[in-house]
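In the numbering used here, the protein residues as written are 2 to 511.
Notes follow the structure.
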Ligand SMILES: Cc1cc2nc3c(=O)[nH]c(=O)nc-3n(C[C@H](O)[C@H](O)[C@H](O)COP(=O)(O)OP(=O)(O)OC[C@H]3O[C@@H](n4cnc5c(N)ncnc54)[C@H](O)[C@@H]3O)c2cc1C
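Below, the structure written as structure tokens:
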């Protein structure tokens, strides 16, 4: 019998474990995967991106029931072991209603102020480097980033200068990296293979290193790996979860806990609730609103490789972003989105994306000249975009929306790059995330258990407690009401700290 069971050890689960660790309560973190192995393949782009060495072999279904293999990482630290560690706060405006080309992005029941202090703490916990105030859309904070920005390498500085000359306002990208060597580091240090790769050198600010390992220093916190939660059972009244059924080494076991925190990621948390239907909840647990699994969002994402006139020998290019089109402006009535740099492509990635080399280039030469950009725009919550489970298999039914802003954003970037006279060809890159909207790349998944004041129209309340159950909290990307256009992890981390405080001050007090 545990006081608290946390399902999932990613951004949400690991961070709430960290926050609750000093409560003295008996806490168990259940993780379906294992530790990511430290091996030379960690840095091998063929192994990581083409052979998908570290992603699940599970198959999901799309809306036409066509199976696909999702880019999901089931391991200690969750998807943060592989993320790019671009750690952004949502903008103040993201919490309010915003009109977009494709419809309305709804207001949240909380405001930016409710998370502000937790964002700062999350930045400290995850070693964020950045320059406060350089991003014109960033919410104000009197405290600087905990660490100075990562300097641009020379070629990237040139691109920044060119965009500045063009009239844009590139800013220092907030990135979570712990540069201090520490005892547990067990591989030579490099930031070269970072974005999308696991970091055996343990400098990436991920949830395993920044949160979970600190929680596990407490004797009252335990981690169970290779243990998949299969279903959650409730009491007869349907007021509380009483049993957590898990599969471990081929065996089924039942665990019990007073409090359950579900942090399996927006897709898997929704799937687990739907799979746990019972007489009291025939449509799935915590789903009297029929909203579990609905409003699935994962951003509109595009990876763009632009070929520079001169070679780009940058090792770590992920040092600037552009938010000039994040809000409506004098040229555009509605928001377009956000641009940031992406990890540098190599020839294997380029070859896999481009059937023929660009005119005058070999694949090797293309890789040498590649400058990589990542564009994100908001997708809007639509109840018909949803996660369901069919005969035990996850199904993602998704139709894209709000594309116009994203298309305009791509066109703006290409126009700006061409204006510098330095960029020639442009290639949309698919190997890392996808060429465009591809449900097989659910990296920024959110919205499936949305937060709201009304139990009839939302799944969790403003403290992430399930409206329908007394002892269930859902703390992962699921609570998002709208997706914003910046990367989601810092918001999940900040929310985990906030919910942890709420639990300590009220629920776990005795
Ligand atoms: C390649 C890549 C790059 C990214 N780059 C960025 C970035 O630069 N910035 C950013 O903010 N975000 C980025 N993201 C997204 C970021 O990683 C996620 O937003 C974040 O990890 C989500 O946190 P979470 O707690 O919701 O879920 P996760 O981190 O996915 O954690 C969920 C955990 O639950 C476990 N689990 C699932 N089901 C079960 C079950 N039934 N039983 C037990 N355990 C279970 C999983 O194994 C996993 O460990 C990136 C993601 C990817 C894949």
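Beta carbons are placed, not taken as given, at the ideal position from N, Cα and C, and that holds for glycine.
Using the beta-carbon count (16 or more within 10 Å), is residue 497 buried or exposed?
-> Reading the chain shown from its first residue, position 496 is the one you call residue 497. Answer is buried; the Cβ neighbour count reaches 16.
First and last residue of the uninterrupted alpha helix (DSSP H) at residue 420 = The residue given as residue 420 occupies position 419 in the chain shown. Segment 404–420, the alpha helix (DSSP H) holding residue 420.
Rounded to a whole number of angstroms, what is the C-alpha to C-alpha distance between residue 83 and residue 269?
-> The residue given as residue 83 occupies position 82 in the chain shown. The residue given as residue 269 occupies position 268 in the chain shown. So the alpha carbons of these two residues sit roughly 18 Å apart.
Under 6 Å Cβ to Cβ from residue 37, same chain only, skipping five residues before and after it: list those, please.
-> As a first step, residue 37 is located in the chain shown; it is residue number 36 there, counting from the start. Closer than 6 Å at Cβ, skipping near neighbours: 76, 82, 199.
Go to residue 301, then tell me how far its beta strand (DSSP E) extends in each direction, as first and last residue.
-> For the purposes of this step, residue 301 is taken as the residue at position 300 of the chain shown. 301–309 is the span of the beta strand (DSSP E), which, as asked, contains residue 301.
Going by beta carbon distance, what residues of the same chain come within less than 8 Å of residue 78, once the five residues before and after it are set aside?
-> Translated into positions along the chain shown, residue 78 becomes position 77. So the list reads 10, 11, 15, 37, 207, 208, 209, 210, 213, once near-sequence residues are dropped.
Quick one: residues in its chain with C-beta nearer than 8 Å to the C-beta of residue 510, no 5 flanking neighbours on either side, listed in chain order?
-> In the chain shown, the residue the question calls residue 510 occupies position 509. Cβ within range, chain order: n/a, list empty.
Counting along the chain, where does the beta strand (DSSP E) carrying residue 396 start and finish?
-> One-based indexing of the chain shown puts residue 396 at position 395. First-last of the beta strand (DSSP E) with residue 396: 394–398.
Using three-state DSSP, classify residue 500 as helix, strand or coil.
-> To locate residue 500, count along the chain shown from 1; it is residue 499. Residue 500: helix per DSSP, three-state reduction.
How about residue 262 and residue 493: are their beta carbons less than 8 Å apart?
-> In the chain shown, the residue the question calls residue 262 occupies position 261. In the chain shown, the residue the question calls residue 493 occupies position 492. Cβ distance not < 8 Å, so residue 262 and residue 493 don't count as in contact.
Assign residue 350 to one of two classes, buried (16 or more other C-beta atoms within 10 Å of its C-beta) or exposed (fewer than that).
-> As a position in the chain shown, residue 350 is number 349, starting the count at 1. With 16 or more other Cβ atoms within 10 Å, it is buried.
Any chance the CB of residue 87 is under 7 Å from a heavy atom of ligand 1?
-> Counting from 1 along the chain shown, the entry for residue 87 is found at position 86. Checking the Cβ of residue 87 against ligand 1 gives yes.
Which term fits residue 216, buried or exposed, when burial requires 16 or more other beta carbons within 10 angstroms of its beta carbon?
-> Position 215 of the chain shown, counted from the first residue, corresponds to residue 216. The residue in question, residue 216, is buried, as its Cβ has 16 or more Cβ neighbours within 10 Å.
Exposure label - residue 238; buried when at least 16 CB within 10 Å = Position 237 of the chain shown, counted from the start, is the residue given in the question as residue 238. Its Cβ having fewer than 16 others within 10 Å, residue 238 is exposed.
Cβ neighbour criterion (16 or more within 10 Å) applied to residue 334 | Mapped onto the chain shown, residue 334 falls at position 333. Per the 10 Å Cβ criterion, exposed.
May I ask you to check if the CB of residue 75 is nearer than 7 Å to at least one heavy atom of ligand 1?
-> To locate residue 75, count along the chain shown from 1; it is residue 74. Result yes, Cβ under 7 Å from ligand 1.
Taking 7 Å as the cut-off, does the CB of residue 378 come closer than this to any heavy atom belonging to ligand 1?
-> Position 377 of the chain shown, counting from 1, holds the residue named residue 378. Not under cutoff, so the answer is no.
Would the beta-carbon of residue 237 be found less than 7 Å away from any heavy atom of ligand 1?
-> As a position in the chain shown, residue 237 is number 236, starting the count at 1. No - ligand 1 has no heavy atom lying nearer than 7 Å to the Cβ of residue 237.
If you compare alpha carbons, which of 428, 57, 344, 404 is closest to residue 353?
-> Start at 1 with the first residue of the chain shown, and residue 353 comes out as number 352. The shortest C-alpha to C-alpha distance from residue 353 to any of 428, 57, 344, 404 is the one to 428.
Does DSSP put residue 70 in a helix, in a strand, or in coil?
-> Position 69 of the chain shown, counted from the start, is the residue given in the question as residue 70. Three-state DSSP puts residue 70 in coil, outside helix and strand.
Which residues share a DSSP beta bridge with residue 322?
-> The sequence position of residue 322 within the chain shown is 321, counting from 1. Looking at the DSSP assignment, residue 322 forms a beta bridge with 172, 341.
Go ahead and pull the three-state DSSP assignment for residue 76.
-> On the chain shown, position 75 is the one that residue 76 refers to. Note: residue 76 maps to strand in three-state DSSP.
Which residues in the same chain as residue 104 place their Cβ atom closer than 8 Å to its Cβ, once the five residues preceding and following it in sequence are excluded?
-> On the chain shown, position 103 is the one that residue 104 refers to. Hits under 8 Å: 381, 402, 403.
Reducing DSSP to helix, strand and coil, say where residue 351 ends up.
-> As a working note, residue 351 is residue 350 in the chain shown. If DSSP states are grouped into helix, strand and coil, residue 351 belongs with the helices.
Nearest-angstrom Cβ-Cβ length linking residue 267 and residue 447, presumed shorter than 8 Å = Taking the chain shown and counting its residues from 1, one reaches residue 267 at position 266. Taking the chain shown and counting its residues from 1, one reaches residue 447 at position 446. The Cβ separation is near 5 Å, so the contact holds.
Where the beta strand (DSSP E) through residue 424 begins and ends = As a working note, residue 424 is residue 423 in the chain shown. From DSSP, the beta strand (DSSP E) with residue 424 extends over 424–430.
Give the C-beta separation of residue 328 and residue 484 to the nearest angstrom, bearing in mind that I take them to be a contact with Cβ-Cβ under 8 Å.
-> Along the chain shown, one-based indexing puts residue 328 at 327. Along the chain shown, one-based indexing puts residue 484 at 483. Contact doesn't hold; Cβ gap of about 15 Å is too wide.
State yes or no: is the C-beta of residue 400 nearer than 7 Å to some heavy atom of ligand 1?
-> The residue given as residue 400 occupies position 399 in the chain shown. Incorrect: residue 400 has no Cβ contact closer than 7 Å to ligand 1.
Rounded to whole angstroms, what's the CA-CA distance from residue 62 to residue 397? Just pull it up for me.
-> As a working note, residue 62 is residue 61 in the chain shown. As a working note, residue 397 is residue 396 in the chain shown. Distance between the alpha carbons of residue 62 and residue 397 is about 6 Å.
CB residue 72 to CB residue 442, shorter than 8 Å?
-> Position 71 of the chain shown holds residue 72. Position 441 of the chain shown holds residue 442. Yes; because the gap between Cβ atoms is below 8 Å, this pair is in contact.
Terminal residues of the continuous beta strand (DSSP E) containing residue 373?
-> Translated into positions along the chain shown, residue 373 becomes position 372. Counting along the chain, the beta strand (DSSP E) containing residue 373 begins and ends at 371–378.
Buried/exposed call for residue 250, threshold 16 Cβ in 10 Å = Locating residue 250 in the chain shown gives position 249, counting from the first residue. It counts as exposed.
How should residue 506 be labelled, buried or exposed, when 16 other C-beta atoms within 10 angstroms of its C-beta is the threshold for buried?
-> Along the chain shown, one-based indexing puts residue 506 at 505. With fewer than 16 Cβ atoms within 10 Å of its Cβ, residue 506 is classed as exposed.
Would you call residue 487 buried or exposed, if buried means 16 or more other Cβ atoms sit within 10 Å of its Cβ?
-> Within the chain shown, numbered from 1, the residue matching residue 487 stands at position 486. That one is buried.
Alpha carbon to alpha carbon, how far is residue 445 from residue 296?
-> Working through the chain shown from its first residue, we reach residue 445 at position 444. Working through the chain shown from its first residue, we reach residue 296 at position 295. Rounded to the nearest angstrom, the two C-alpha atoms are 13 Å apart.
Give the single residue among 92, 204, 233 whose Cα lies nearest to the Cα of residue 491.
-> By 1-based counting over the chain shown, the position of residue 491 is 490. Out of 92, 204, 233, 92 has the C-alpha closest to the C-alpha of residue 491.
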